[in-house]
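As structure tokens, the structure follows; a few thoughts come after it.
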Amino acid sequence: MTQLALVIDLNTCVGCHACVTSCKEWNTSGEAGPMVDRNPYSAEPTGTFFNRVQSFEVGEFPHTQTVHFPKSCLHCEDPPCVPVCPTGASYKRPEDGIVLVDYDKCIGCEYCSWACPYGAREIDEQQKVMKKCTLCVDRIYDESLPERDRKPVCVLSCPTSARIYGDIHDPESEASRAINDSAGYQLMPEWSTNPANHYLPRRKVGITVHEEDLQRADNPLRKEDRGPRAPTTRTTLDDSTSW
Amino acid sequence: MKPAISVVLLTTLIGAGQGLFLAWYSAEWFVLLSILAPTPVDYAGYAAGLSFLLLAAGLFASFFHLGHPERAWRAAAMWRTSWLSREVIALPLAMLLILSYALVKLAEIDMVVFNLGGIPIEISTILGFGAVLAVCALFICTAMIYACLKFLRQWYSPLTVLNFFLMGCASGFTLATVLAVVTGDEHFAYFAGMAVFLTASALVSRYASLLRNRNLRSPSTLQTAIGVHHPTIRQIAQGAMGGSFNTRAFMHDYGTAVLRLVRRGFILLAFVLPLLLLAFGDRATLAPYLLAFVLQYLGLLVERWYFFIEAEHPQNIYYQMIS
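Residue numbers (our numbering), protein chains in the order written: chain F, 353 to 595; chain A, 241 to 563.
Structural data, given as structure tokens:
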């Protein structure tokens with residue numbers, strides 16, 4: 353069975369919000385209707401967003417690191433928001449595991465938002481229905497797009513390739529390999545919602561540079577006491593030419 | 241959680257309506273079983289009519305909770321999995337049965353259908369029995385809407401179901417007492433006694449849940465929420481500057497002092513004062529009983545408001561700092 357999901361690498365996310373803006377752009381332009389965008393340039397900007405980047409400071413000053421944390425619907429494999437929906441508007445697609453809302457059936461009772469521990473769902477204040485990340489379901493199967501573009505728009509827009517998209521039930525997929533190789537984890541595992549989206553942890557990156565590496569202690573010329581050629585005093589072309 | 245006023249009204253109104261019906265119908269059975277003396281005039285039809293009106297008012301209030309009330313009929317679809325859907329079925333069913341019970345009584349078309357070991361079973365007895373089942377199912381469905389959400393720790397408890405049942409019955413029996421005083425019904429003592437008993441039980445049960453919730457800790461922390469295992473994590477941006485649905489629907493900014501006042505207020509209004517008024521009231525005067533019901537209903541409105549405020553949603557962990 354297929355379970356499409358995102359794997360988000362917290363090690364490479366730089367918090368640029370490109371995924372947020374491209375997500376809003378794609379999904380507000382779709383046939384499902386625009387997403388609320390109230391006071392976009394005023395003091396209290398607010399509206400419907402499927403994806404947000406949050407930032408956290410980890411550690412105590414001066415030993416702090418900033419973790420940028422993109423947050424959207426996790427498309428849980430055992431989604432608590434689906435069984436509580438009284439109308440069946442909220443459903444998990446059996447063919448690819450995407451959790452979706454049927455905007456024509458939703459009565460806007462907000463019960464699913466109570467049932468989601470991650471706060472991934474929100475009511476659209478104009479359409480009065482629950483909205484959330486669709487994993488760009490109107491993109492990923494669109495055969496009029498070139499095949500390389502059939503991915504969620506947040507994945508395509510990420511400048512650091514921090515977002516990996518794929519079938520996490522296929523052990524050979526890029527997403528599965530990333531989870532397995534880089535210790536991908538799920539959010540709030542204590543509620544056994546089994547989120548499909550995974551996050552790759554922050555890792556310490558760096559190399560140890562030894563003095564010998566800089567001095568080239570292994571240079572065989574050094575053995576023969578023949579150092580690098582002494583700097584020449586002759587004028588070079590650059591010195592002699594003046595244009 | 242931010243209290244949804246329409247839901248506060250829905251649950252308190254239907255609770256009183258359900259309790260009122262249970263009061264009158266149980267009295268009818270006690271008469272059939274010769275435990276209570278029969279009354280010269282039967283007011284059960286009027287009581288059931290009032291109970292129907294309360295349920296209808298609750299149903300009406302609930303529509304204001306919906307973004308698309310015109311699609312409300314769809315909510316009956318997922319009764320296999322959703323307690324809300326089950327409530328949507330149980331409520332009109334209870335209303336229908338209570339209304340038919342009231343009409344059969346008021347139109348005086350009641351007749352004995354069969355005898356059950358010497359007890360005459362009338363049409364209204366059968367309709368009423370069905371209504372009792374629907375009313376009990378409705379109590380369970382309404383409470384389970386909240387009690388089934390396992391990460392809302394304050395709600396996820398059998399006490400939630402018990403509280404909804406006891407508080408609904410308490411206000412219903414208090415209202416039945418008021419009606420008995422108004423009509424001069426013979427079952428006054430039964431209603432008043434049961435109202436005292438149920439209000440006291442509701443106080444114990446609700447206080448037990450307050451005690452339970454006092455030291456409740458969610459297993460979710462900022463560490464499990466973002467999966468970073470460091471003891472010191474501080475949010476520096478939540479991704480939205482003007483707030484979002486997440487900050488508006490799940491959070492409140494009432495201080496502990498206000499909440500303590502509210503807690504004491506509803507304990508006093510919904511339980512202690514009605515208990516005193518019911519216990520020391522005099523059958524000849526309506527005022528103390530009417531006051532008892534009004535205070536109890538207002539107290540239960542506050543209680544239900546606090547019930548929402550009390551529940552801490554784990555999503556709030558993600559929304560601690562705007563920027």
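Glycine is no exception: its CB is placed at the ideal position from the N, C-alpha and C atoms.
Practice prompt. Tell me where the beta strand (DSSP E) around residue 357 (chain F) begins and ends.
Written response: Looking at the DSSP string, the run of the beta strand (DSSP E) that includes residue 357 (chain F) is 356-361.
Bridge-paired residues (DSSP) for residue 443 (chain F)
In DSSP, residue 443 (chain F) forms a bridge with F:452.
Near-chain F residues of the region 477-508 of chain A - C-beta to any C-beta below 8 angstroms | Hits within the stretch, in order: 477, 478, 479, 480, 481, 482, 483, 484, 485, 486, 489, 490.
Discussion item. Between which two residues does the beta strand (DSSP E) holding residue 518 (chain F) run?
Written reply: Segment 515-519, the beta strand (DSSP E) holding residue 518 (chain F).
In the structure shown, what three-state DSSP assignment does residue 477 (chain A) receive? Residue state, collapsed to three classes: strand.
Residue range of the alpha helix (DSSP H) that includes residue 447 (chain A): Note, residue 447 (chain A): alpha helix (DSSP H), 428-454.
message: Out of F:544, F:527, F:505, F:572, which one is the CA nearest neighbour of residue 361 (chain F)?
response: Checking every option, the nearest Cα to that of residue 361 (chain F) belongs to F:527.
Q: Return yes when the Cβ of residue 414 (chain A) is within less than 8 angstroms of the Cβ of residue 511 (chain A), no when it is not.
A: No, these two residues do not count as a Cβ contact at 8 angstroms.
- [ ] Determine the contact status of residue 433 (chain F) and residue 485 (chain F), defining contact as a CB-CB distance below 8 angstroms.
- [x] No.
Rounded to whole angstroms, how far is the Cβ of residue 503 (chain F) from the Cβ of residue 492 (chain F), which I believe are closer than 8 angstroms?
-> Right, the Cβ-Cβ distance comes to about 6 angstroms (below 8 angstroms), so this counts as a contact.
Checklist entry - For residue 361 (chain A), does the three-state DSSP call read helix, strand or coil? => result Reduced to three states, the DSSP call for residue 361 (chain A) is strand.
For this session: State yes or no: is the C-beta of residue 254 (chain A) within less than 8 angstroms of the C-beta of residue 400 (chain A)?
Result: Their beta carbons are not under 8 angstroms apart, which means residue 254 (chain A) does not touch residue 400 (chain A) by this criterion.
*Anything in chain B within Cβ reach of residue 480 (chain F), meaning under 7 angstroms, just list it in chain order.*
Considering every chain present, this structure includes no chain B. Its protein chains are F and A.
Problem - Top-ranked residue by Cα proximity to residue 322 (chain A), from F:370, F:414, F:467 - result: Nearest of F:370, F:414, F:467 to residue 322 (chain A), Cα basis: F:467.
>> Counting only Cβ pairs nearer than 8 angstroms, list the residues of chain A close to residue 393 (chain F).
In response: Correct list: empty, because the minimum Cβ distance to chain A is about 11 angstroms.
Query raised in the report: Are the beta-carbon atoms belonging to residue 523 (chain A) and residue 459 (chain F) less than 8 angstroms from one another?
Result: Their beta carbons are not under 8 angstroms apart, which means residue 523 (chain A) does not touch residue 459 (chain F) by this criterion.
Should the region 533-550 of chain A be called in touch with the region 470-485 of chain A, which here means at least 3 C-beta pairs below 8 angstroms?
Touching, no, given that fewer than three Cβ pairs across the two stretches are closer than 8 angstroms.
(message) Quick test of your reading: residue 341 (chain A) and residue 364 (chain A), contact by CB under 8 angstroms. State the CB separation rounded to the nearest angstrom.
(response) The distance from the Cβ of residue 341 (chain A) to that of residue 364 (chain A) is about 5 angstroms, consistent with a contact at the 8 angstroms cut-off.
Q. What are the start and end residues of the alpha helix (DSSP H) that includes residue 405 (chain F)?
A. Bounds of any alpha helix (DSSP H) do not take in residue 405 (chain F); it lies within the beta strand (DSSP E) bounded by 403-410.
*Residues that residue 370 (chain F) contacts on chain A, provided the C-beta gap is smaller than 7 angstroms*: The premise fails here: residue 370 (chain F) is roughly 13 angstroms from chain A at the closest Cβ pair, so nothing lies under 7 angstroms.
Q.
Distance check for residue 473 (chain A) and residue 547 (chain A), CA to CA, integer angstroms please.
A. In a straight line, the C-alpha of residue 547 (chain A) is about 30 angstroms away from that of residue 473 (chain A).
Practice problem: Output the distance between the C-alpha atoms of residue 532 (chain F) and residue 504 (chain A), rounded to the nearest integer angstrom. | Solution: Spanning the two alpha carbons is a distance of roughly 53 angstroms.
Could you tell me whether any Cβ in chain A is nearer than 8 angstroms to the Cβ of residue 609 (chain F)?
-> Nothing about residue 609 (chain F) can be reported from this structure: the residues present for chain F run from 353 to 595 only.
Problem set entry | residue 454 (chain F) versus residue 384 (chain F) - alpha carbon distance | C-alpha separation (whole angstroms): 10 angstroms.
*Quick one, which of A:360, A:348, A:435, A:314 has its alpha-carbon nearest residue 439 (chain F)'s?*
When each option's Cα is compared against that of residue 439 (chain F), the closest is A:314.
>> Could you compute how far the alpha carbon of residue 528 (chain A) sits from the alpha carbon of residue 519 (chain A)?
In response: Per the coordinates, the alpha-carbon of residue 528 (chain A) lies some 10 angstroms from the alpha-carbon of residue 519 (chain A).
Q | From A:369, A:305, A:432, A:353, residue whose alpha carbon lies closest to that of residue 521 (chain A) | A | Closest by alpha carbon: A:432.
Quiz item: Given a threshold of 16 other Cβ atoms within 10 Å of its Cβ, counted over all protein chains shown, does residue 469 (chain A) qualify as buried or as exposed?
Solution: Classification for residue 469 (chain A): exposed.
Could you list which residues in chain A have their beta carbon closer than 9 angstroms to that of residue 539 (chain F), in chain order? Contact annotation for residue 539 (chain F) against chain A: 464, 465, 466, 467 [CB-CB distance below 9 angstroms, chain order].
Just to confirm the assignment: which complete beta strand (DSSP E) runs, minimum length 3, are found wholly within the region 308-377 of chain A?
List check, beta strand (DSSP E) in window: 352-356, 359-362.
Give me the Cα-Cα distance between residue 326 (chain A) and residue 524 (chain F), rounded to the nearest whole angstrom.
-> Their Cα atoms are separated by approximately 43 angstroms.
Please identify, using Cβ separations under 9 angstroms, the residues of the region 449-470 of chain F that lie next to chain A, in order along the chain. Cβ contacts with chain A come from 456, 457, 458, 459, 460, 461, 462, 463, 465, 466, 467, 468, 469, 470.
Can you check whether the C-beta of residue 595 (chain F) is within less than 8 angstroms of a C-beta belonging to chain A? Since pLDDT at residue 595 (chain F) reaches only 48, below the 50 mark, its modelled position is unreliable, and no value is offered.
- [ ] Give me the Cα-Cα distance between residue 595 (chain F) and residue 511 (chain F), rounded to the nearest whole angstrom.
- [x] Confidence at residue 595 (chain F) is low in this model, with a pLDDT of 48, below 50, so its placement is unreliable and the value that follows should be read with caution. In a straight line, the C-alpha of residue 595 (chain F) is about 41 angstroms away from that of residue 511 (chain F).
**Study point:** Alpha carbon of residue 333 (chain F) to alpha carbon of residue 509 (chain F), nearest angstrom
**Key:** This structure does not reach residue 333 (chain F), given that chain F is present from 353 up to 595, and the question cannot be answered.
Do you know offhand how far residue 467 (chain A)'s Cα is from residue 553 (chain F)'s?
Taking the straight line joining both Cα atoms gives about 8 angstroms.
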